[in-house]
Amino acid sequence: MSYLISASYLVAAALFILGLKRMSSPKFARQGIIWAGVGMLLATLVTFAYPNLHNYGLMMVAIVSGSILAWWTGKKVAMTDMPQMIALYNGMGGGAAACIAAIELLELTGEHHGGVATLGGMENHLEEPVLLEVHILAILGAIIGTVAFSGSLIAFAKLQGWMNGVIRFSGQRAVNGLVFIATLCLGIVMMLQIEMAPGSREIVQAFFEPEILVLFFVLAALFGVMMTVPIGGADMPVVISLFNALTGLAVGFEGFVLGNAAMMIAGTVVGSAGFLLTQLMAKAMNRSLSNVLFSNFGSGGSGEQSEISGSMKSIEAPDVGVMMAYASKVIIVPGYGMAVAQAQHKIWELSQLLLKNDVKVKFAIHPVAGRMPGHMNVLLAEAGVPYDIIFDLDEINEEFSNADVCLVIGANDVVNPDAKNNPDSPIYGMPILNAWQAKNTIVIKRGQGRGFSGIENALFFADNTRMLYGDGQAVASELINAVKELA
Amino acid sequence: MTPIEGFLALYIFMLAAFTGYEVISKVPVILHTPLMSGSNFVHGIVLVGAMVAMGHAETPLELTIGFIGVFLAAGNAVGGYVVTERMLEMFKSSKKEDNA
Chain A
1 MSYLISASYL VAAALFILGL KRMSSPKFAR QGIIWAGVGM LLATLVTFAY
51 PNLHNYGLMM VAIVSGSILA WWTGKKVAMT DMPQMIALYN GMGGGAAACI
101 AAIELLELTG EHHGGVATLG GMENHLEEPV LLEVHILAIL GAIIGTVAFS
151 GSLIAFAKLQ GWMNGVIRFS GQRAVNGLVF IATLCLGIVM MLQIEMAPGS
201 REIVQAFFEP EILVLFFVLA ALFGVMMTVP IGGADMPVVI SLFNALTGLA
251 VGFEGFVLGN AAMMIAGTVV GSAGFLLTQL MAKAMNRSLS NVLFSNFGSG
301 GSGEQSEISG SMKSIEAPDV GVMMAYASKV IIVPGYGMAV AQAQHKIWEL
351 SQLLLKNDVK VKFAIHPVAG RMPGHMNVLL AEAGVPYDII FDLDEINEEF
401 SNADVCLVIG ANDVVNPDAK NNPDSPIYGM PILNAWQAKN TIVIKRGQGR
451 GFSGIENALF FADNTRMLYG DGQAVASELI NAVKELA
Chain B
1 MTPIEGFLAL YIFMLAAFTG YEVISKVPVI LHTPLMSGSN FVHGIVLVGA
51 MVAMGHAETP LELTIGFIGV FLAAGNAVGG YVVTERMLEM FKSSKKEDNA
């Protein structure tokens with residue numbers, strides 16, 4: 001039986017890695033998640049055959065209730081709310097890793113160590129000695145998992161709109177640092193208050209008080225909360241990705257504690273992949289990870305705003321319709337504003353009309369369009385836009401100069417030329433889409449206000465830019481009608 | 001289960017870490033969100049650990065923590081799968097409209 005379980009875990013781990021590999025290509029991504037799903041199912045089923053397990057009834061209740069709840073929420077959630085759902089499920093994983101650590105640490109304080117008590121002659125897994133390094137990993141996994149748990153829940157609450165604003169106070173960093181150090185100290189106390197078998201690394205008995213264990217978890221959870229509350233909504237995707245990596249690491253560590261190869265491999269793979277993904281995201285947003293975690297965007301360093309000369313010139317939808325219908329190439333730059341207005345379906349309808357008229361239509365996606373890198377692609381995919389007319393910043397930036405029309409809808413900072421030209425701008429250095437290079441740039445916008453970051457956009461004042469005011473969805477419908485009339 | 005210890009564990013840790021890094025390193029930006037969601041699903045494997053921990057629980061306290069752990073882990077795995085699958089299902093190429 002033991003062989004069957006080990007072999008199944010091996011297969012599951014391979015399926016996870018192959019699945020993740022497939023998920024990095026749009027063509028095979030769907031297969032990727034299914035492969036990983038098969039691996040998960042196999043590993044879960046075979047775990048029921050683990051030797052000497054009890055509490056099967058309650059275990060089934062926990063699995064079924066957790067699954068139903070997650071299934072229901074996962075099916076129901078709108079695509080725009082995806083980031084916070086990922087945060088929520090990730091927090092659950094971190095919490096589970098912390099629970100495993102809590103049980104392992106509790107068992108160590110119990111009296112059945114040293115090979116004395118076995119219930120009804122049954123073999124007890126605690127008979128296996130706990131090595132010092134395993135004990136340390138359990139404590140580390142407990143800290144990381146708990147921080148990921150409470151931090152993810154805060155991230156979820158913030159993105160869900162349950163917790164508005166950022167909470168900041170003076171000396172916050174010092175207080176956070178103290179909480180973290182206190183957590184570490186309690187961890188070290190638990191690490192030291194053990195009795196070792198002489199001449200080996202085997203632990204016979206741990207004698208820290210249960211109160212220390214409780215306080216340890218409370219402080220770790222508090223730290224997760226405190227490190228997340230000062231972070232603003234725009235930076236949240238990077239933080240969620242970081243917590244995702246941390247949960248992976250915690251799962252990996254607890255895998256080593258339990259001697260469970262599937263958890264070790266899957267957790268460690270996700271841990272390292274997650275850290276890389278976090279860095280890629282931070283880079284796409286032109287922020288370093290430490291910047292996201294320790295500095296407060298928008299509060300300090302609001303650079304000098306250069307006076308922008310010129311004025312915003314407005315245009316009406318029928319004129320834009322003519323412009324696009326007779327263009328040979330149109331590039332559409334969607335931003336999160338488009339998703340908020342739920343205009344993506346109309347925009348795709350408009351694109352299909354143009355494509356029929358032999359207009360080349362391409363979508364240009366900035367890495368931080370949407371609420372996290374790749375989120376806009378999901379929203380466009382939901383509307384039915386095929387991925388092969390959607391292009392990354394690097395792929396399409398050269399093409400703006402030979403586009404007849406660039407249609408910017410619900411995007412602002414990602415097309416602000418200040419990021420390139422004005423060293424005083426707070427967004428200076430951020431890679432942007434060269435929308436101003438198109439022969440005509442049309443910006444669909446609700447009103448004349450500033451964007452998400454409150455920065456004035458020089459593009460809107462450029463000579464070849466026209467502003468098309470109105471709600472994204474309504475304007476898109478007007479454009480569809482305008483193009484239809486011409487056909 | 002055969003315990004995996006000492007340097008063997010370190011070898012596994014190192015190889016798995018490199019594997020994760022390599023697997024992700026060539027991912028296009030358009031798949032960042034689904035991939036984050038997918039890797040979120042993969043660490044749902046914590047479910048098997050939670051099951052083992054709960055299955056070995058002896059005191060009511062351990063059992064309660066185990067129950068919470070299994071509940072949370074099942075939520076991680078199932079929720080992660082559902083949202084990832086929903087996102088990836090929508091990625092279609094314009095060339096193959098037939099199996100849409």
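Protein chains in written order, with my numbering: chain A, 1 to 487; chain B, 1 to 100. For glycine and all other residues, C-beta sits at the position ideal for the given N, C-alpha and C.
Practice task
Compare the C-alpha of Val408(A) against each of Arg446(A), Tyr50(A), Met372(A) and name the closest.
Solution key: It is Arg446(A).
Handout entry: Residue range of the alpha helix (DSSP H) that includes Phe149(A)
Key = It spans 132-160 - the alpha helix (DSSP H) in which Phe149(A) sits, taken as one unbroken run.
Practice task
Please confirm whether Phe67(B) and Met54(B) have their CB atoms less than 8 Å apart.
Solution key: Cβ distance < 8 Å, so Phe67(B) and Met54(B) count as in contact.
Handout entry: Beta-carbon proximity list for His345(A), same chain, < 7 Å, skipping 5 on both sides
Key = The answer, listed in chain order, is Ala383.
Practice task
Just mark Gly115(A) as buried or exposed, buried being the case when its beta carbon has 16 or more other beta carbons within 10 Å.
Solution key: Low local confidence applies: a pLDDT of 41 at Gly115(A) is under 50, so the model's placement there is unreliable, with the coordinate-based value given in what follows. That one is exposed.
Practice task
Would you check if the segment 146-159 of chain A and the segment 192-205 of chain A touch, i.e. whether three or more CB-CB distances between them fall below 8 Å?
Solution key: Pairwise C-beta distances place the segment 192-205 of chain A out of contact with the segment 146-159 of chain A, as fewer than three of them are shorter than 8 Å.
Handout entry: Closer than 8 Å to chain B by CB, Arg173(A)
Key = Nearest CB-CB separation between Arg173(A) and chain B: not below the 8 Å threshold.
Handout entry: Residue-chain proximity (Asn430(A), chain B), Cβ-Cβ < 8 Å
Key = A quick correction: the sequence has Met, not Asn, at residue 430(A). Judged by the 8 Å Cβ criterion, Met430(A) is not in contact with chain B.
Practice task
May I have the straight-line CA-CA distance separating Val225(A) from Asp424(A), to the nearest angstrom?
Solution key: Spanning the alpha carbons of Val225(A) and Asp424(A) requires a straight line of approximately 34 Å.
Practice task
Can you say whether Tyr81(B) is buried or exposed, counting buried as having 16 or more other CB atoms within 10 angstroms of its CB?
Solution key: Under this definition Tyr81(B) is a buried residue.
Practice task
Spell out whether any CB of chain A is found under 8 Å from the CB atom of Phe41(B).
Solution key: With its beta carbon less than 8 Å from one in chain A, Phe41(B) belongs to the interface.
Exercise for the section: Pick out whichever of His56(B), Phe91(B), Ile65(B), Val46(B) has its Cα sitting closest to the Cα of Ala13(A). Expected result: The shortest C-alpha separation from Ala13(A) is found at Val46(B).
Practice task
Give a yes or no on whether 8 Å exceeds the smallest Cβ distance from Phe7(B) to chain A.
Solution key: Phe7(B) is outside the set of residues whose beta carbon lies under 8 Å from a beta carbon in chain A.
Practice task
Closer than 7 Å, Cβ to Cβ, to anything on chain B: give me those residues from the segment 392-407 of chain A, in chain order.
Solution key: Listed by position, the residues of the segment 392-407 of chain A near chain B (Cβ gap below 7 Å) are Asp392.
Problem - Proximity test, Cβ basis, 8 Å: Tyr21(B) and chain A - result: The beta-carbon of Tyr21(B) is placed less than 8 Å from the nearest beta-carbon of chain A.
Handout entry: Sheet register partners of Ser425(A) (DSSP bridge)
Key = Beta-bridge pairing links Ser425(A) to no other residue.
Exercise for the section: Measure the C-alpha to C-alpha separation of Val64(A) and Gly39(A) and round it to an integer number of angstroms. Expected result: Per the coordinates, the alpha-carbon of Val64(A) lies some 19 Å from the alpha-carbon of Gly39(A).
Problem - Pick from Val251(A), Ala273(A), Val359(A), Gly410(A) that is closest to Val185(B), judged by C-alpha positions - result: As displayed, chain B neither begins before 1 nor continues past 100, which places residue 185(B) out of reach and without an answer.
Practice task
Mind checking who Ala206(A) pairs with in its DSSP beta bridge?
Solution key: Ala206(A) pairs with Ile194(A).
Handout entry: Residue of Ile5(A), Asn377(A), Gln279(A) minimising C-alpha distance to Pro51(A)
Key = Selected option, being the one with the closest Cα: Ile5(A).
Exercise for the section: Note the first and the last residue of the continuous alpha helix (DSSP H) segment covering Ala364(A). Expected result: It is not in any alpha helix (DSSP H) - Ala364(A) instead sits in the beta strand (DSSP E) that spans 360-365.
Exercise for the section: Using three-state DSSP, classify Pro334(A) as helix, strand or coil. Expected result: Three-state DSSP puts Pro334(A) in a strand.
Handout entry: Coarse secondary structure for Gly301(A), derived from DSSP in three states
Key = Residue placement at Gly301(A) cannot be trusted, given a pLDDT of 39 that sits under 50; what the coordinates show is reported in the next sentence. Coil.
Problem - Cβ shell of Met14(B) (< 8 Å), same chain only, five flanking positions each side left out - result: There are no such residues.
Handout entry: Euclidean distance between Cα positions of Asn434(A) and Ile212(A)
Key = About 57 Å.
Exercise for the section: Please state whether DSSP places Val408(A) in a helix, a strand or coil. Expected result: It is a strand residue.
Practice task
Find out if the Cβ-Cβ distance for the pair Val333(A), Met285(A) is shorter than 8 Å.
Solution key: It is not a contact, given that the beta carbons lie outside the stated cut-off.
Exercise for the section: Would you please verify whether the beta carbon of Leu242(A) is less than 8 Å from any beta carbon of chain B? Expected result: Closer than 8 Å: no.
Practice task
Go to Ile444(A), then tell me how far its beta strand (DSSP E) extends in each direction, as first and last residue.
Solution key: Unbroken beta strand (DSSP E) run through Ile444(A): 440-445.
Practice task
Throw me the rounded Cβ distance for the Thr247(A) and His32(B) pair, which I believe falls under 8 Å.
Solution key: Actually they are not in contact, since the Cβ atoms of Thr247(A) and His32(B) sit about 17 Å apart, beyond 8 Å.
Exercise for the section: Return helix, strand or coil for Ile5(A), following the three-state DSSP convention. Expected result: Note: Ile5(A) maps to helix in three-state DSSP.
Exercise for the section: Say whether chain A places a C-beta atom closer than 8 Å to the C-beta of Pro60(B). Expected result: It does not: the Cβ of Pro60(B) has no partner Cβ on chain A nearer than 8 Å.
Practice task
Tell me, please, whether the CB atom of Tyr11(B) is closer than 8 Å to any CB atom in chain A?
Solution key: No, because no Cβ of chain A sits closer than 8 Å to the Cβ of Tyr11(B).
Problem - Chain-order list of residues whose beta-carbon lies under 6 Å from that of Leu137(A) (same chain, five-residue window excluded) - result: Correct list, in chain order: Phe253, Phe256, Val257.
Problem - Close beta carbons around Val83(B), own chain, < 7 Å, minus the five adjacent residues each side - result: Ser37.
Problem - For Met281(A), the nearest candidate out of Thr19(B), Gly20(B), Val27(B), Phe18(B) (CA to CA) - result: Answer by Cα proximity: Val27(B).
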